[in-house]
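Residue numbers (the UniProt record's numbering): 1 to 161.
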């Protein structure tokens with residue numbers, strides 16, 4: 001987050017994985033794209049489906065359903081690839097649906113004790129908004145936990161020649 005302006009609320013992209021709603025800070029999001037062909041390659045990190053070219057850049061694509069729930073996504077018409085920025089690299093995240101962009105007020109975010117576990121350090125909190133529970137993610141920590149993030153960052157260089 002940048003500066004002190006973000007202390008009252010922030011914008012989050014909301015998406016679905018299974019029946020659950022998740023959110024990531026909009027500053028991490030480059031774009032939301034329709035599903036497209038993904039090229040598989042051997043010895044991929046866990047949960048990585050392969051690579052695709054997005055915005056003229058070879059981009060690794062991660063199945064978030066697999067990373068979060070341990071089951072493979074079955075693509076549908078509503079499936080999307082959320083293109084995110086992790087450090088100076090772009091990574092595609094496949095989700096069941098991208099639903100909306102919301103202003104999340106900090107006072108709606110709760111931090112249950114289970115979030116103290118190292119196993120779920122990628123959970124930033126849970127926002128209760130009206131009748132919705134939105135699980136807020138730290139994408140970089142999630143990718144560190146579920147994939148080999150250093151290898152993801154190097155993929156572009158391997159396929160770019």
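For every residue, glycine included, the Cβ atom is placed at its ideal position computed from N, Cα and C.
For residue 74, the three-state DSSP class (helix, strand or coil): coil
Using the Cα positions of residue 124 and residue 111, report the straight-line distance between them to the nearest angstrom. 7 Å
For a quick check, are the C-beta atoms of residue 62 and residue 51 less than 8 Å apart? no
Tell me the DSSP secondary structure of residue 6 in three-state form. Summary for residue 6: the model assigns pLDDT 43, below 50, so the residue's position carries little reliability; its value from the coordinates is reported in the next sentence. Helix at residue 6.
My assumption, with CB atoms under 8 Å, is that residue 94 sits in contact with residue 143. Please give the rounded CB distance. Not really, about 13 Å apart at Cβ, beyond 8 Å.
Separation of residue 44 from residue 126, as counted between CA atoms: 31 Å
Measure how close the beta-carbons of residue 29 and residue 137 come, nearest whole angstrom, since I'm counting them as under 8 Å. Contact doesn't hold; Cβ gap of about 12 Å is too wide.
Contact set for residue 72: own chain, Cβ-Cβ below 8 Å, skip 5 residues either direction: 63, 65 and 66
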